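Asks: Got a structure for you, written out below as structure tokens; questions coming shortly.
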Amino acid sequence: MLKEEIDSLAPGRDFSRRGFVQTAVGTVGGGFAAAVLPVTAQTISTDTAGLEAGSVSMPVGDFKLPAYRAAPAGRKNLPVILVASEIFGVHEHIADVCRRFAKLGYLAIAPELFVRHGNAGAYTDIPKLISEVVSKASDAQVNADLDAAVAWAAANGGDTSKLGITGFCWGGRTTWTYAAHNTKLTAGVAWYGPVARSYHPGDKTAVERATSIKAPVLGLYGAADSGIPVETLTQLEAALKAAGHTKSEFVVYPDTPHAFHADYRPSYRKAAADDGWARCLAWFRKHGVA
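Position one of the sequence shown corresponds to residue -14 (our numbering), numbered consecutively onward.
See the structure below:
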């Protein structure tokens, strides 16, 4: 998974030093992660006009979990979308995805799921980021944090009977594992999330958790993603069907790499990203997250 993540940022680029720091350190979603700089010219930026948007915190036991949230200003009973980040944490791109959902009438929340283990946004060395931060975020911790985000949403204008989750790369895997965890989830959309591997030692893969997945999940993948072989998607699809689950679907885009939705990176493929976004929104509408 490391090579294609590095290549999707910038082929041949040197990530051996911490040459940048995240802008607006301490503000969730306030700047791009160091590992993704410099961002590319086609980066999409969604404004906050008509929105309530910015950093919030939510209790998880005695811990205050930071998150970025965006919602239409002054509105209540909003459908809720959890947004699970890539390995780089909640930086500007993830915040922008939240604002895109908010412009369409959703309360979107992206919790900073790595914050207990370090500042994912400050790393430029990706293998080090994964070993020192990402691999320490267990599924149990992540699921508890997402549950806390759902509880926060319910108390702050969200209608959690209409609950969706979407995520990218690591967050795409999290979409599958949270669907296996939360039986009240309405629907999910997983963007190029590994299904046959885990990051935290001892955690099960999405394939191994297939019997627990009840909500409909749409998987959006690239056929040229060397870290997620198409045969692993076939394995998950077969495992879901064997468990009697026929509500999930997969879309695999030909000749398309990892991170094709990431408009701030060289891996961005506009046609696939636009089609995937339209399918994502249609999926949530179809399954009652609207």
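Backbone N, C-alpha and C define an ideal beta-carbon position, used for all residues, glycine too. Remember, predicted model here, so these are calculated numbers, not experimental data.
Should GLY288 be labelled buried (16 or more other beta-carbon atoms within 10 Å of its own) or exposed?
Replies: As shown, the chain starts at -14 and ends at 275. That puts residue 288 outside it, with no answer to give.
Asks: What are the boundary residues of the beta strand (DSSP E) that PRO51 is part of?
Replies: 48 to 57 is the span of the beta strand (DSSP E), which, as asked, contains PRO51.
Asks: Which of helix, strand or coil does DSSP assign to LEU98?
Replies: In this structure, LEU98 counts as coil in the three-state DSSP scheme.
Asks: Pick helix, strand or coil for ASP210, following the three-state DSSP scheme.
Replies: Of the three classes helix, strand and coil, the one that applies to ASP210 here is coil, per DSSP.
Asks: Straight-line CA distance for ALA257 to VAL236?
Replies: Straight-line Cα distance between these residues: approximately 10 Å.
Asks: Compute the beta-carbon to beta-carbon distance between VAL119 and ALA164, rounded to the nearest angstrom, for a pair I have assumed lies under 8 Å.
Replies: Actually they do not touch by this definition, with Cβ atoms about 20 Å apart.
Asks: Only counting the same chain, and skipping five residues up and downstream in sequence, which positions put a Cβ closer than 7 Å to that of GLY103?
Replies: Excluding sequence neighbours, GLY103 sits near GLU117, VAL118.
Asks: Which of the three DSSP states is assigned to SER123 in this structure?
Replies: Looking at SER123 - three-state DSSP - the assignment turns out to be coil, as it is neither helix nor strand.
Asks: Does DSSP classify PRO44 as helix, strand or coil?
Replies: Reduced to three states, the DSSP call for PRO44 is strand.
Asks: Here's the rule: buried if 16 or more other CB atoms are within 10 angstroms of the residue's CB, otherwise exposed. What is ASP124?
Replies: Looking at its Cβ environment, which holds 16 or more other Cβ atoms inside 10 Å, ASP124 is buried.
Asks: Looking at the secondary structure, which residues open and close the beta strand (DSSP E) in which PHE245 lies?
Replies: Looking at the DSSP string, PHE245 is not in any beta strand (DSSP E), and its letter there is neither H nor E.
Asks: Could you check where the beta strand (DSSP E) with GLU222 kicks off and where it finishes?
Replies: From DSSP, GLU222 is part of no beta strand (DSSP E) but of the alpha helix (DSSP H) over 215 to 227.
Asks: Between ALA20 and GLU37, how many whole angstroms is the CB-CB distance? I'm expecting something under 8 Å.
Replies: Wrong, their Cβ atoms sit about 29 Å apart, outside the cutoff.
Asks: Since I believe THR171 is in contact with LEU148 (beta carbons under 8 Å), could you give me their beta-carbon distance rounded to a whole number of angstroms?
Replies: Right, their Cβ atoms sit about 5 Å apart.
Asks: DSSP on GLU77, reduced to helix/strand/coil?
Replies: Of the three classes helix, strand and coil, the one that applies to GLU77 here is helix, per DSSP.
Asks: What is the DSSP secondary structure of GLY11, reduced to helix, strand or coil?
Replies: Summary for GLY11: the model assigns pLDDT 41, below 50, so the residue's position carries little reliability; its value from the coordinates is reported in the next sentence. Looking at GLY11 - three-state DSSP - the assignment turns out to be coil, as it is neither helix nor strand.
Asks: Out of TRP161, TYR249, THR31, GLY142, point me to the one whose CA is closest to LEU63's CA.
Replies: Considering only alpha carbons, the answer is GLY142.
Asks: Indicate whether the contact test is met: 3 or more Cβ pairs, each with one atom in the region 42 to 60 and one in the region 224 to 242, closer than 8 Å.
Replies: Counting Cβ pairs under 8 Å, fewer than three are found: no touch.
Asks: Let me know the secondary structure DSSP gives LEU148 once reduced to three states.
Replies: In the structure shown, LEU148 sits in a strand (DSSP, three-state: E or B).
Asks: Just to confirm, are ALA134 and PRO96 a CB contact at a threshold of 8 Å?
Replies: For ALA134 and PRO96, yes; Cβs fall inside 8 Å.
Asks: Which two residues bound the contiguous beta strand (DSSP E) that contains LEU63?
Replies: Where LEU63 is concerned, the enclosing beta strand (DSSP E) stretches over 63 to 69.
Asks: Buried or exposed: where does GLU216 fall if 16 or more other Cβ atoms within 10 Å of its Cβ makes it buried?
Replies: Exposed, since its Cβ has fewer than 16 Cβ neighbours within 10 Å.
Asks: Within its chain, find whatever has a CB closer than 8 Å to the CB of ALA9; leave out the 5 residues flanking it on each side and keep chain order.
Replies: The pLDDT assigned to ALA9 is 33, lower than 50, so where the model puts this residue is not dependable; a value taken from the coordinates is nonetheless given after this. Within the same chain, ALA9 has close Cβ partners GLY15, GLY16.
Asks: Can you list, in chain order, the residues of its chain with a C-beta nearer than 7 Å to that of HIS166? Leave out the 5 residues immediately preceding and following it.
Replies: Within the same chain, HIS166 has close Cβ partners ASN128.
Asks: Per DSSP, GLY173 forms a beta bridge with which residues?
Replies: BP columns for GLY173 point to ILE150, VAL202.
Asks: Check GLU193 in the structure and name its three-state DSSP category.
Replies: Looking at GLU193 - three-state DSSP - the assignment turns out to be coil, as it is neither helix nor strand.
Asks: Among residues of its own chain, excluding the 5 on either side of ALA87, which ones have a beta-carbon nearer than 7 Å to its beta-carbon?
Replies: Cβ neighbours of ALA87 beyond the five flanking positions: LEU36, ALA38, ALA55, ALA56, PRO57, ALA93.
Asks: Run through DSSP, which three-state label would PHE235 get?
Replies: Strand at PHE235.
Asks: List the endpoints of the continuous alpha helix (DSSP H) containing ASP260.
Replies: Element bounds for ASP260: 255 to 271.
Asks: Taking the continuous alpha helix (DSSP H) assigned at ALA163, which residues delimit it?
Replies: Rather than Ala, the amino acid found at residue 163 in this sequence is Tyr. Counting along the chain, the alpha helix (DSSP H) containing TYR163 begins and ends at 155 to 166.
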